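So the sequence lines, in the order shown, correspond to chains A and B. The numbers in my numbering rise by one with no breaks, and the one at position 13 of the first sequence is 27. The numbers in my numbering rise by one with no breaks, and the one at position 408 of the second sequence is 773. Worksheet for the structure shown next.
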Amino acid sequence: MANSMPATADGQHGSDVTKRDFLKLVTGAGALVGAGALAWPLIDSMNPSADVLALSSTTVDLAPIQLGQAITVVWRGKPVFVRHRTPEEIKGAATVAQNTLADPALDSARVKKGAEQWLVVVGICTHLGCIPIGNKTTEARGDFGGWFCPCHGSQYDTSGRVRHGPAPANLAVPPYAFEGDTKIKIG
Amino acid sequence: MAGLHKSDFANPVINWIDTRLPIFTMMQKEYGVFPTPKNFNYFWNFGALAMINLVIMIATGIFLAMNYTPHVSMAFDSVERIMRDVNYGWLLRYVHANGASMFFIVTYIHIFRGLYYGSYKAPRELLWMIGVVILLVMMATAFMGYVLPWGQMSYWGATVITNLFSAIPVVGEHVVTWLWGGFSVDNPTLNRFFSLHFLLPFVLVGVVFLHIAALHVTGSNNPLGIDVKSPQDTLPFHPYYTMKDSVGICVYLLVFAALVCFAPNLFMAAENYIPANPLVTPSEIVPEWYFLPFYAILRAVPSKLGGVLLMFGAIAVLFVLPWLDTSPVRSAKFRPIYRNLFWVLLIAVVTLGFVGAHRPEGIWVVLGRVATFYYFLHFLVILPVLGKLERPLPLPESISRPVTSGGGGPLPGGAAAKPMEKA
Ligand code: HEM
Ligand code: FES
């Protein structure tokens with residue numbers, strides 16, 4: 015604006031017109047900023063509220079989870095799978111060649127060191143949000159031994175990594191920490 | 366009197382109002398004497414039917430809302446209470462739920478009518494685009510309404526559809542959290558969907574008003590697709606088309622009533638009579654039938670973002686259709702090649718509907734891809750090119766001539782028909 019002022023001032027228009035144009039522009043811009051400022055509270059009111067955010071941690075007792083099984087716990091309204099992996103599953107997950115993965119990630123980066131038998135992942139398919147099956151050994155687990163999504167056929171391995179589309183990404187690992195040997199706190 | 370409208374109405378009360386607010390004059394002009402092409406067939410009924418349908422949805426919806434509770438722990442039960450305990454609640458709900466299906470049947474016929482007779486072409490481009498906006502708002506309304514009974518399909522349909530937005534690069538996840546008001550579809554989501562489901566139909570009323578206003582500037586298209594040349598080509602809307610519309614409305618209400626009384630659950634998924642369970646996904650998630658072709662397009666490519674873009678693209682092409690179709694001739698009646706390709710397109714869309722209802726396996730994947738490919742080929746390649754290559758049949762000189770001569774074809778004199786002038 016600082017640039018356009020002198021340019022229009024010595025243009026062909028009368029200086030009155032220029033001044034009015036300028037005032038219109040400033041008024042319009044002011045109104046727009048004001049409207050934006052008023053719209054923001056409306057828009058932000060739709061974001062998660064304080065009480066929703068407050069419910070953000072869950073404690074899980076690992077003791078009852080049998081080897082080879084997984085359980086579902088609820089964290090922030092989402093299912094979280096906690097899986098007790100067998101030694102073969104851990105080995106299988108750790109030795110996959112990274113270049114065969116759609117979303118490369120090391121198994122060691124998805125579990126806690128020294129507690130490799132515990133895999134904790136958000137049980138929501140990264141395609142369109144269905145809940146994959148495979149927590150029980152009797153359920154279909156897909157070709158990679160992890161989980162199978164019934165909605166559009168995505169398959170995950172024993173590290174929760176996507177191995178077959180359409181899901182674009184691995185099952186997310188939520189933030190969690192051990193509280194003693196058989197207890198974790200998610201969130 | 367200065368500043369007052371001069372009214373011709375004899376009734377003193379109407380006259381008094383009309384001089385101060387000339388709504389009666391306006392109605393008389395727009396719906397009474399309004400000059401309307403005299404050769405409409407019954408496909409021209411469907412706009413009026415859609416309007417009636419919107420009124421029915423609003424009327425039943427308002428009374429449903431008096432008994433509905435938008436809370437995750439009470440929504441399902443409140444709908445069951447409407448069905449069992451509220452006086453005529455079952456009727457309200459069945460009319461409303463089947464009304465949504467009727468609305469889409471009517472609207473889809475209305476749209477394909479426009480495609481066949483070239484109603485989207487100049488000068489009716491904006492009228493057509495407003496129509497596409499109506500379709501979008503209708504879809505959003507129906508989607509959010511379907512979530513309200515909070516059954517399994519409600520919940521998982523809401524989850525899958527809102528997750529479409531997570532395909533947006535970078536901000537996708539934030540957009541989805543914002544839509545949900547939390548970290549999954551939950552009570553805040555149900556609350557806002559109820560609020561918006563209540564609001565959007567009234568937005569529709571406004572957009573429909575613009576649609577009609579634009580229509581009354583250009584006037585209606587007609588089965589011949591040629592312009593009105595003289596008053597001889599038209600009839601006053603009342604009583605001629607008020608009557609023809611009334612006949613259509615009776616047939617429409619018969620079909621509607623038969624659906625509500627004899628097959629009220631025909632279009633409803635049994636799964637939706639199971640209360641929503643956020644921890645168990647039904648083995649098969651199928652949207653309402655009117656979304657199936659779009660759902661099939663979504664799944665046609667093995668890429669999340671690609672599928673979402675294609676799905677929205679399927680509607681976006683309708684927006685720019687007036688500029689994609691390069692033929693100056695409107696009605697398919699005079700376009701020998703387009704007339705056939707119209708049916709191929711219709712078959713492709715219906716095929717997509719069937720594909721959307723099946724798991725994407727085996728033959729359904731192939732069919733889905735071929736039909737999706739053809740859908741876009743039709744709009745993006747065939748229509749632009751065909752307009753330049755196709756040799757249209759000679760157009761009749763005016764609407765009255767073929768009508769008064771008793772035949773549908775052009776008169777010998779019309780053989781030297783000039784190409785349609787751009788209005
Ligand atoms: C464009 C117009 C509308 C469409 C397409 C539409 C569509 C729908 C659909 C598909 C359902 C789910 C039916 C079921 O399976 O139970 C529904 C439910 C509902 N709608 Fe609408 N609706 C419209 C207008 C309205 C209006 C104007 C209101 C209120 C003012 C309303 C209030 C409700 C309520 C309270 C429910 C939940 C009860 C039930 O599930 O039957 N709707 N709507
Ligand atoms: S939601 Fe899991 S594959 Fe689509």
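The C-beta atom is built at its ideal place from N, Cα and C for all residues, glycine as well. From a predicted model like this one, the values you see are computed outputs, not experimental measurements.
Exercise. Relative to the alpha-carbon of W132 (chain A), which residue among A:V187, A:I145, A:L56 has its alpha-carbon at the smallest distance?
Worked result: Ranked by how close their Cα comes to the Cα of W132 (chain A), the residues A:V187, A:I145, A:L56 have A:V187 in first place.
For this session: Run through the stretch 373 to 451 of chain B for me and flag every whole alpha helix (DSSP H) of 4 or more residues, listed as ranges in chain order.
Result: Counting only runs of 4 or more residues that sit fully inside the stretch 373 to 451 of chain B, the alpha helix (DSSP H) segments are 377 to 385, 388 to 392, 411 to 430, 440 to 449, in chain order.
Exercise. Excluding five sequence neighbours on each side, which residues of the same chain lie with their C-beta closer than 6 Å to the C-beta of T384 (chain B)?
Worked result: Correct list, in chain order: L369, H370, S372.
Exercise. Expressed to the nearest angstrom, what Euclidean distance is found between the alpha-carbon atoms of M416 (chain B) and L732 (chain B)?
Worked result: Looking at the backbone, the Cα of M416 (chain B) and that of L732 (chain B) are separated by about 35 Å.
Exercise. Is P180 (chain A) near the ligand FES, in the sense that its beta carbon is under 7 Å from a heavy atom of that ligand?
Worked result: True, at least one ligand heavy atom lies under 7 Å from that Cβ.
Exercise. Under a criterion of Cβ closer than 5 Å to any non-hydrogen atom of the ligand FES, which residues qualify, in chain order?
Worked result: With the criterion CB distance below 5 Å from any heavy atom of the ligand FES, the matching residues run A:C139, A:H141, A:L142, A:C144, A:C163, A:C165, A:H166, A:S168 along the chain.
For this session: Answer yes if the stretch 494 to 503 of chain B comes into contact with the stretch 534 to 549 of chain B, meaning at least three C-beta pairs across the two stretches below 8 Å, and no otherwise.
Result: No, the stretch 534 to 549 of chain B is not in contact with the stretch 494 to 503 of chain B.
Exercise. Name the DSSP beta bridge partners of Q112 (chain A), please?
Worked result: Answer is none; Q112 (chain A) lacks a bridge partner.
For this session: Throw me the rounded Cβ distance for the W89 (chain A) and I200 (chain A) pair, which I believe falls under 8 Å.
Result: 5 Å between Cβ atoms; contact.
For this session: Classify A788 (chain B) as buried or exposed, calling it buried when 16 or more other Cβ atoms lie within 10 Å of its own Cβ.
Result: With a pLDDT of 39 at A788 (chain B), under the threshold of 50, the modelled position of that residue is not reliable, and the figure given next carries that caveat. Residue burial annotation: A788 (chain B) is exposed, with fewer than 16 other C-beta atoms found within 10 angstroms of its C-beta.
For this session: Taking only beta carbons into account, state which residues of the stretch 65 to 93 of chain A come closer than 8 Å to chain B, listed in chain order.
Result: Residues passing the 8 Å Cβ filter: V66, T86, V88, R90, G91, K92, P93.
Exercise. Since V512 (chain B) and F558 (chain B) are thought to touch, with beta carbons under 8 Å apart, how far apart are those beta carbons, to the nearest angstrom?
Worked result: 5 Å between Cβ atoms; contact.
Problem set entry | Contact under 8 Å by Cβ, L569 (chain B) with L414 (chain B) | Judged by their CB atoms, L569 (chain B) and L414 (chain B) are not nearer to each other than the 8 Å cut-off.
For this session: Can you say whether C626 (chain B) is buried or exposed, counting buried as having 16 or more other CB atoms within 10 angstroms of its CB?
Result: Counting Cβ neighbours within 10 Å, C626 (chain B) comes out exposed, since fewer than 16 surround it.
Exercise. Per DSSP, what kind of secondary structure is M15 (chain A) in: helix, strand or coil?
Worked result: With a pLDDT of 44 at M15 (chain A), under the threshold of 50, the modelled position of this residue cannot be trusted; read the value that follows with caution. Coil at M15 (chain A), not helix or strand.
For this session: Please confirm if P118 (chain A) has its CB atom under 8 Å from at least one CB of chain B.
Result: It does not; no Cβ of chain B falls within 8 Å.
Exercise. Should the stretch 523 to 535 of chain B be regarded as contacting the stretch 136 to 146 of chain A, the criterion being three or more beta carbon pairs within less than 8 Å?
Worked result: Touching, yes.
Problem set entry | Residues bridged to Y190 (chain A) [DSSP beta-bridge criterion] | BP columns for Y190 (chain A) point to A:I200.
For this session: Using three-state DSSP, classify T73 (chain A) as helix, strand or coil.
Result: DSSP places T73 (chain A) in the strand class (E or B) of the three-state scheme.
Problem set entry | Amino acids of chain B, ordered along the chain, whose beta-carbon sits closer than 9 Å to that of P189 (chain A) | Correct list: empty, because the minimum Cβ distance to chain B is about 13 Å.
Exercise. Closer than 9 Å, Cβ to any Cβ of chain A: which residues of the stretch 524 to 542 of chain B, in chain order?
Worked result: Residues T524, V525, I526, T527, N528, L529, S531, A532, H539, V541, T542.
For this session: Starting from the Cα of W521 (chain B), find the closest Cα among B:P640, B:Y433, B:N404 and give me that residue.
Result: Distance check between W521 (chain B) and each of B:P640, B:Y433, B:N404 places B:P640 closest, using alpha-carbon atoms only.
Problem set entry | DSSP three-state assignment for T691 (chain B), whether helix, strand or coil | T691 (chain B) sits in coil when the DSSP states are folded into three classes, being neither helix nor strand.
Exercise. Using a Cβ-Cβ distance under 8 Å, would G25 (chain A) count as near chain B?
Worked result: Unreliable placement is indicated for G25 (chain A), whose pLDDT of 49 sits below 50; the coordinate value is still reported in the next sentence. Under the 8 Å criterion on CB atoms, G25 (chain A) is classed as non-interfacial with respect to chain B.
For this session: Reducing DSSP to helix, strand and coil, say where R766 (chain B) ends up.
Result: Three-state result, R766 (chain B): helix.
Exercise. For V460 (chain B), which residues from the same chain have a beta carbon less than 6 Å from its beta carbon, with the 5 sequence-adjacent residues on both sides left out?
Worked result: Correct list, in chain order: T425, V625.
Problem set entry | Candidates B:W708, B:L670, B:L492, of which the one nearest V572 (chain B) by Cα | Checking every option, the nearest Cα to that of V572 (chain B) belongs to B:L492.
Problem set entry | Top-ranked residue by Cα proximity to F95 (chain A), from A:E103, A:V74, A:V110, A:K105 | The shortest C-alpha separation from F95 (chain A) is found at A:V74.
For this session: Give a yes or no on whether 8 Å exceeds the smallest Cβ distance from V645 (chain B) to chain A.
Result: Under the 8 Å criterion on CB atoms, V645 (chain B) is classed as interfacial with respect to chain A.
Exercise. Taking Cβ-Cβ distances below 9 Å as the criterion, which residues of the stretch 125 to 151 of chain A are in contact with chain B?
Worked result: Identification of residues in the stretch 125 to 151 of chain A having a C-beta nearer than 9 Å to some C-beta of chain B yields G137, I138, C139, T140, H141, L142, G143, C144, I145, P146, I147, given in sequence order.
Exercise. Since N410 (chain B) contacts K594 (chain B) with CB under 8 Å, what's their CB separation in whole angstroms?
Worked result: So it is not a contact: roughly 24 Å between Cβ atoms.
Exercise. Since I147 (chain A) sits in a beta bridge, which residues does DSSP pair it with?
Worked result: DSSP, once it has assigned bridges, lists A:F162 as partnering I147 (chain A).
Exercise. Does the beta carbon of I662 (chain B) come closer than 8 Å to any beta carbon on chain A?
Worked result: Answer no: the Cβ-Cβ gap between I662 (chain B) and chain A never drops below 8 Å.
Exercise. For Y473 (chain B), does the three-state DSSP call read helix, strand or coil?
Worked result: Here Y473 (chain B) sits in helix by DSSP.
For this session: From the DSSP output, in three-state form, read off L589 (chain B) for me.
Result: Correct three-state label for L589 (chain B): coil.
Problem set entry | Listed by chain order, chain A residues near C548 (chain B) by CB distance under 8 Å | Correcting the residue identity first, residue 548 (chain B) is Phe in this sequence and not Cys. Within 8 Å Cβ-Cβ: P62, V66, R90, G91, K92.
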